Amino acid sequence: MSVARAAPARSGKLSSGRNKSQTVFRGKVFSVALHRAVEPGGVPVVREIIHHSGSAVILPLLDDGRVVLIRQYRLAARQSLWELPAGGLKRGETALAAARRELTEETGFRASSWRRLVQFFPSPGILDERMTVFLARRIRVGAASPESDERITVRPFPPEQWQAMIRSGRIRDGKTLTALLYWAWLATAAGRS
Numbered sequence: 000m001s002v003a004r005a006a007p008a009r010s011g012k013l014s015s016g017r018n019k020s021q022t023v024f025r026g027k028v029f030s031v032a033l034h035r036a037v038e039p040g041g042v043p044v045v046r047e048i049i050h051h052s053g054s055a056v057i058l059p060l061l062d063d064g065r066v067v068l069i070r071q072y073r074l075a076a077r078q079s080l081w082e083l084p085a086g087g088l089k090r091g092e093t094a095l096a097a098a099r100r101e102l103t104e105e106t107g108f109r110a111s112s113w114r115r116l117v118q119f120f121p122s123p124g125i126l127d128e129r130m131t132v133f134l135a136r137r138i139r140v141g142a143a144s145p146e147s148d149e150r151i152t153v154r155p156f157p158p159e160q161w162q163a164m165i166r167s168g169r170i171r172d173g174k175t176l177t178a179l180l181y182w183a184w185l186a187t188a189a190g191r192s
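The following block contains the structure:
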């Protein structure tokens, strides 16, 4: 494996001049770099950071209030998980464009109303990926076109069911928990149920 020079760390808050980065792995989806840096306050650190282009997460809300979830096998978790549709941003792609593409690819659905809900770092201790969650409404059904290695089940769930799935531990995917709990909080704050 060759070692190439990586771009400088993204945060402008690190002291300049004393930071060095070295890419130690470059894959199709992410790269890993070894960073030697000085953090604010003069703290020297050595960190292995996974660099990722970012992801879009879609919360598809049907007119009757049901949320569309997908189920697929995740090798890292060694189990099938209920999740919201999501996917990585391609080079030059905006988060909204990725959300539109992923919703269609994974579910076949298309939405004519989009709203950005929240953006978060799923694991900032080791990963610079930003996930942007979009609410998709005014859904039209269509044919899915998943990638060749994706086996996806698509199913809508009413609020009481997906909430019970969270409480019972049947929904364990972090992005899905974040998005659904944020949406539930917004609904409560707005006086909706």
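Residues in the sequence shown are numbered consecutively from 0, following numbering that gives the first Met the number 0.
Ideal placement from N, C-alpha and C gives every residue a C-beta, glycine not left out.
These figures come from a predicted structure and were not determined experimentally.
- [ ] Answer with buried or exposed for Pro59, where buried requires no fewer than 16 other C-beta atoms within 10 angstroms of its C-beta.
- [x] buried
Task: Short Cβ contact (8 Å threshold) for Gly64 with Pro157 - done: yes
Open item on the list: Tell me which residue opens and which closes the alpha helix (DSSP H) that Ser167 is part of.
Closed with: 158-167
TODO: Spatial neighbours of Leu61 within its chain, please: CB distance less than 8 Å, with the 5 preceding and 5 following residues excluded, ordered by chain position.
DONE: For Leu61, the CB contacts under 8 Å within the same chain, skipping 5 residues up- and downstream, are Val67, Ile138, Pro155 in chain order.
- [ ] Can you tell me which of the three DSSP states Lys174 falls into?
- [x] helix
Task: Three or more C-beta pairs below 8 Å linking the region 67-78 and the region 140-154 - done: yes
Task: Nearest-angstrom Cα separation, counted from Ala76 out to Gly168 - done: 14 Å
TODO: Can you grab the Cα-Cα spacing for the pair Arg17 / Thr106, in whole Å?
DONE: 47 Å
Open item on the list: Within the continuous alpha helix (DSSP H) that includes Ala96, where are the two ends?
Closed with: 94-106
Open item on the list: Buried or exposed for Ile125, going by 16 or more other Cβ atoms inside 10 Å?
Closed with: exposed
- [ ] Take Gln78 as the anchor and find which of Gly190, Arg171, Thr177, Ala110 has the nearest alpha-carbon.
- [x] Looking at Gly190, Arg171, Thr177, Ala110, the one whose alpha-carbon comes closest to that of Gln78 is Arg171.
Open item on the list: If the criterion is Cβ atoms closer than 8 Å, does the pair Lys174 and Ala85 meet it?
Closed with: yes
TODO: Could you round the C-beta distance between Leu102 and Ala94 to whole angstroms and report it? I think they count as a contact, below 8 Å.
DONE: With a Cβ gap of about 12 Å, Leu102 and Ala94 do not count as contacting.
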